[in-house]
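Chemist: Okay, handing you the structure first.
Number of protein chains: 4
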Amino acid sequence: MIASKQPPDRRRQILDAALACFLERGFVATSIADIRSRSRASTGSIYHFFAGKGALAEALLREAVIGWARLSAAALDPQSSPETAIRASVSGLLIWGLTNPRHVRFMEEMRSLASNDPDLAPVRALLDDGQTLGAAQYAGMVAAGAVQDLPFSIAHALMLGPSYSYLRRAGNIPADQADRIADLFATAAWDAVRA
Amino acid sequence: MIASKQPPDRRRQILDAALACFLERGFVATSIADIRSRSRASTGSIYHFFAGKGALAEALLREAVIGWARLSAAALDPQSSPETAIRASVSGLLIWGLTNPRHVRFMEEMRSLASNDPDLAPVRALLDDGQTLGAAQYAGMVAAGAVQDLPFSIAHALMLGPSYSYLRRAGNIPADQADRIADLFATAAWDAVRA
Amino acid sequence: MIASKQPPDRRRQILDAALACFLERGFVATSIADIRSRSRASTGSIYHFFAGKGALAEALLREAVIGWARLSAAALDPQSSPETAIRASVSGLLIWGLTNPRHVRFMEEMRSLASNDPDLAPVRALLDDGQTLGAAQYAGMVAAGAVQDLPFSIAHALMLGPSYSYLRRAGNIPADQADRIADLFATAAWDAVRA
Amino acid sequence: MIASKQPPDRRRQILDAALACFLERGFVATSIADIRSRSRASTGSIYHFFAGKGALAEALLREAVIGWARLSAAALDPQSSPETAIRASVSGLLIWGLTNPRHVRFMEEMRSLASNDPDLAPVRALLDDGQTLGAAQYAGMVAAGAVQDLPFSIAHALMLGPSYSYLRRAGNIPADQADRIADLFATAAWDAVRA
DNA sequence: GATGAATGAGCTTTCATTCAT
DNA sequence: AATGAATGAAAGCTCATTCAT
Chain Z
1 MIASKQPPDR RRQILDAALA CFLERGFVAT SIADIRSRSR ASTGSIYHFF AGKGALAEAL
61 LREAVIGWAR LSAAALDPQS SPETAIRASV SGLLIWGLTN PRHVRFMEEM RSLASNDPDL
121 APVRALLDDG QTLGAAQYAG MVAAGAVQDL PFSIAHALML GPSYSYLRRA GNIPADQADR
181 IADLFATAAW DAVRA
Chain A
1001 MIASKQPPDR RRQILDAALA CFLERGFVAT SIADIRSRSR ASTGSIYHFF AGKGALAEAL
1061 LREAVIGWAR LSAAALDPQS SPETAIRASV SGLLIWGLTN PRHVRFMEEM RSLASNDPDL
1121 APVRALLDDG QTLGAAQYAG MVAAGAVQDL PFSIAHALML GPSYSYLRRA GNIPADQADR
1181 IADLFATAAW DAVRA
Chain X
2001 MIASKQPPDR RRQILDAALA CFLERGFVAT SIADIRSRSR ASTGSIYHFF AGKGALAEAL
2061 LREAVIGWAR LSAAALDPQS SPETAIRASV SGLLIWGLTN PRHVRFMEEM RSLASNDPDL
2121 APVRALLDDG QTLGAAQYAG MVAAGAVQDL PFSIAHALML GPSYSYLRRA GNIPADQADR
2181 IADLFATAAW DAVRA
Chain S
3001 MIASKQPPDR RRQILDAALA CFLERGFVAT SIADIRSRSR ASTGSIYHFF AGKGALAEAL
3061 LREAVIGWAR LSAAALDPQS SPETAIRASV SGLLIWGLTN PRHVRFMEEM RSLASNDPDL
3121 APVRALLDDG QTLGAAQYAG MVAAGAVQDL PFSIAHALML GPSYSYLRRA GNIPADQADR
3181 IADLFATAAW DAVRA
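Chains Z, A, X and S, in that order, are what the protein sequence lines are.
The first sequence runs 1 to 195 under my numbering.
The second sequence runs 1001 to 1195 under my numbering.
The third sequence runs 2001 to 2195 under my numbering.
The fourth sequence runs 3001 to 3195 under my numbering.
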């Protein structure tokens, strides 16, 4: 049997090309033409599948958020102890971020653009949801007497702020170091909010 | 003495208009034409004083950084104890940020754009300098046994990360609350790095 | 007997959707995509039945012209007296036009586009034929001494011009008023050309 | 003394080129690129002076309306008798139209496009104003017992409708014939509304 | 210092149409 | 008869920047 030429799956090609461009040049500096030539799809095809540059970014971010969330899975497991959940949340973010530094930059760029450009409202919504550890979950921990009773916006900043901050400036880091750093930040996060 | 009509100080007018636009619409969405009509200066005038849009942003950021640094003055006073210095650094950032939330957004946007666009290299340099408490100062505290011996990039993230993170999402906050929040984050920062 | 689901008659659906779009937005502003989504037919179907946007308009105009002609039937009846024929021609136009003001607008648009766009030549031909009362018929009336001996282009303008002109600016008008107005213009038309 | 090269007056060049294109191909079929190459101005220049294609058409129509109004001057002279005024109004339209048949086509196209496209609202307003003989003036004639007491929209259609209708189909006509035809329509107009 | 006309590359997006299935 | 992915030319328009005055 002859291996049939797989269907090109244009949608996928376009997404891949767009991601490569966004990571390389940033969202603003990427033109549709860049994506067109990199994906070898036609302009029309791109618009056939996506409403515009913003929709492309949205689709990609959705995927990125999923990839990241996978690493933080333990944070959402209801069986986890508060400490485990919080440490998983921080570690997940940091390890994902240190492994994908260009994704971090891309997400940062989208976050700040989205706060100005109404066309990117869906992106804003998406990124706001990306807070792995939810407010409800934290409230549960407060009720259990495990953590300090703080407004979630503050608790969130205390727990994840250092990681976000570090990632924003960090370059590529060897995998073994990443684990140690993740551990360090996870410990600090737990110390910052424990009861 | 005749009341002389003051010179209009075009440079100032242009900067003010540019800032207003950048804060309102973001850097990317602001065109020179926007600044022109808001400042009531001519295109030529703008280019007479500034090399381009990037240079305008740079000049404004320089001013913003100064305004913010003023609030963190105690952080740099060599007389200050380590705790005072660190608390001042965090408080300065938070109070300035809560009072000027749109400046925060503007700086965030510039930071992420600058990391992609080579034209904005001067901006990147400027924002990287904006780390009030310097590495050298922290090294001194380590030597004095006052704080943990951490790489500065990590210490910096632990101390200021929560504040940056909080500011990014916070809206306008009444001044009296700002003080209490600043205090909370300042305490957390000190706890995170004290020996 | 089982109620058979009627065949959807795609052709009809497409025509209806196209007409609705043309009347609503105008021919130029209507895209095939608009017609596609309104008719719930596929792009391919549309092109299966019609050669293009122009052909769609042509088919619709043909129908419109027929609907209008029905109202002017008496004008073409060889039994009619000259006065009856002319009055019927004017009334038919006016009543049809006042009842279907958006069709009037559509026809006007097509007429002017057709005079510039060679692709729309069939449309031009169609609209030129739409002159209910024909030149030959008018010549017969001249020979019978019933009307003035004028070039038909002039006679036509004298008889139908006021109606066209009125329709172009008129909005929706209640049916009873339409009759009175039609009568007024019919009388004027007859007075303008009677011997 | 050497004849100095006159300033190119880009604005004028652009208008002239645009008019030539609009008359030749119609508004819809004319692209900015067409105007650019015909005027030898840059795209930027065109947009420096005009907000867009619609604004160009508007400017040209304003001029056209003026040119035509000049021919109908006597219609507006308060000294004129009702008959003179009405005849002047009709003659002015017809002679202008027969002399500038392509302008007529252009105006017709703009009128019908404007009724669908909100961007062309200024055009619509402009063309609606172009009714040389105003409603107020007609009301005066009614009061003086010179003409029939008809709603102005109807009187207007009776007086000018035939001319509009004729012009829409007429091609180029020799100047001497134009006068005779104008006279014929002017007489018909007066007969249609005289008391 | 100041003006604003002039530039033209470059952008996103639309759209009628084709065609393999 | 029906589908909808794919095409790519072409459109209108924006904008940072230059430069003669």
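Built from N, CA and C at the ideal position, the CB exists for glycine as well.
Everything numeric in this text was worked out from a predicted model, so none of it was measured.
Buried or exposed: where does residue 79/Z fall if 16 or more other Cβ atoms within 10 Å of its Cβ makes it buried?
Modeler: exposed
Chemist: Compute the Euclidean distance between the alpha carbons of residue 1169/A and residue 67/Z, then round it to the nearest angstrom.
Modeler: When rounded, the separation of the alpha-carbon atoms in residue 1169/A and residue 67/Z is 23 Å.
Chemist: Which residues does DSSP pair with residue 2194/X in a beta bridge?
Modeler: 2147/X
Chemist: Under 7 Å, Cβ to Cβ, is there at least one residue of chain Z near residue 1162/A?
Modeler: yes
Chemist: Using C-beta distances below 6 Å, list every residue in its chain close to residue 39/Z, excluding the 5 sequence neighbours before and after it, in chain order.
Modeler: 13, 14, 17
Chemist: In chain A, which residues lie less than 7 Å from residue 120/Z when you measure between Cβ atoms?
Modeler: Chain A residues near residue 120/Z: none, gap ~11 Å exceeds 7 Å.
Chemist: Do the CB positions of residue 196/Z and residue 124/Z come within less than 7 Å of each other?
Modeler: The displayed coordinates of chain Z run from 1 to 195. Any statement about residue 196/Z would go beyond what the structure contains.
Chemist: Which residues of the region 2094-2122 of chain X have a Cβ closer than 7 Å to any Cβ of chain S? Give them in chain order.
Modeler: Taking 7 Å as the Cβ-Cβ cut-off, the region 2094-2122 of chain X approaches chain S at 2105, 2108, 2109, 2112, 2113, 2115, 2116, 2117, given in chain order.
Chemist: Is DSSP giving residue 1117/A helix, strand or coil here?
Modeler: Residue 1117/A falls in the coil class under three-state DSSP.
Chemist: In or out: residue 2086/X buried (at least 16 other Cβ within 10 Å) or exposed?
Modeler: Classification for residue 2086/X: buried.
Chemist: Classify residue 3014/S as helix, strand or coil using the three-state DSSP reduction.
Modeler: helix
Chemist: Kindly indicate if chain Z contains any beta-carbon less than 7 Å away from that of residue 1026/A.
Modeler: yes
Chemist: Within the continuous alpha helix (DSSP H) that includes residue 1174/A, where are the two ends?
Modeler: No alpha helix (DSSP H) contains residue 1174/A, which DSSP labels as neither H nor E.
Chemist: Against chain Z, with Cβ distances strictly below 7 Å, would residue 1047/A count as a contact?
Modeler: no
Chemist: Check each residue of the region 1134-1157 of chain A: if its Cβ is closer than 7 Å to any Cβ of chain Z, include it; give the result in chain order.
Modeler: Per Cβ criterion, the list reads 1153, 1154, 1157.
Chemist: Which residues, in order along the region 1161-1192 of chain A, keep a beta-carbon less than 9 Å from a beta-carbon of chain Z?
Modeler: Within the region 1161-1192 of chain A, the qualifying residues are 1161, 1162, 1163, 1164, 1165, 1166, 1167, 1168, 1169, 1170, 1181, 1184, 1185, 1188, 1191, 1192.
Chemist: Does any CB atom of chain A fall closer than 7 Å to the CB of residue 72/Z?
Modeler: no
Chemist: Output, in chain order, the set of chain S residues within a Cβ distance shorter than 7 Å of residue 2029/X.
Modeler: 3116, 3117
Chemist: Determine whether the Cβ of residue 3016/S lies closer than 7 Å to any Cβ atom of chain X.
Modeler: no
Chemist: Taking C-alpha atoms, which residue in 1150/A, 1164/A, 1122/A, 1077/A lies nearest to residue 1103/A?
Modeler: 1164/A
Chemist: For a quick check, are the C-beta atoms of residue 2091/X and residue 2195/X less than 7 Å apart?
Modeler: no
Chemist: I need the DSSP call for residue 1139/A, collapsed to helix, strand or coil.
Modeler: helix
Chemist: The alpha helix (DSSP H) spanning residue 3087/S covers which residue range?
Modeler: 3082-3099
Chemist: For residue 1059/A versus residue 1072/A, is the C-beta distance shorter than 7 Å?
Modeler: No. Outside cutoff.
Chemist: Distance, Cα to Cα, residue 2159/X vs residue 2093/X?
Modeler: 11 Å
Chemist: What residue ranges within the region 3019-3078 of chain S form continuous beta strand (DSSP E) runs of no fewer than 3 residues, ordered along the chain?
Modeler: none
Chemist: Return the chain-ordered list of same chain residues with a C-beta closer than 8 Å to the C-beta of residue 3149/S, the five sequence neighbours on each side being excluded.
Modeler: Within its own chain, the residues whose Cβ lies closer than 8 Å to the Cβ of residue 3149/S, once the five positions on either side in sequence are excluded, are 3142, listed in chain order.
Chemist: Which residue comes first and which comes last in the alpha helix (DSSP H) that contains residue 1161/A?
Modeler: 1152-1169
Chemist: Can you have a look at residue 3116/S and say buried or exposed, based on whether 16 or more other CB atoms are within 10 angstroms of its CB?
Modeler: Buried, because 16 or more other Cβ atoms sit within 10 Å of the Cβ of residue 3116/S.
Chemist: Mind checking whether residue 2173/X and residue 2056/X have CB atoms under 7 Å apart?
Modeler: no
Chemist: Which same chain residues end up closer than 8 Å to residue 2027/X when comparing Cβ atoms and leaving out the 5 residues on each side of it in sequence?
Modeler: 2053, 2057, 2106, 2109, 2110, 2113
Chemist: Just to confirm my understanding: we take residue 1178/A, look at its own chain, exclude 5 residues before and 5 after, and list those with CB closer than 8 Å. What are they?
Modeler: 1094, 1095, 1098, 1099
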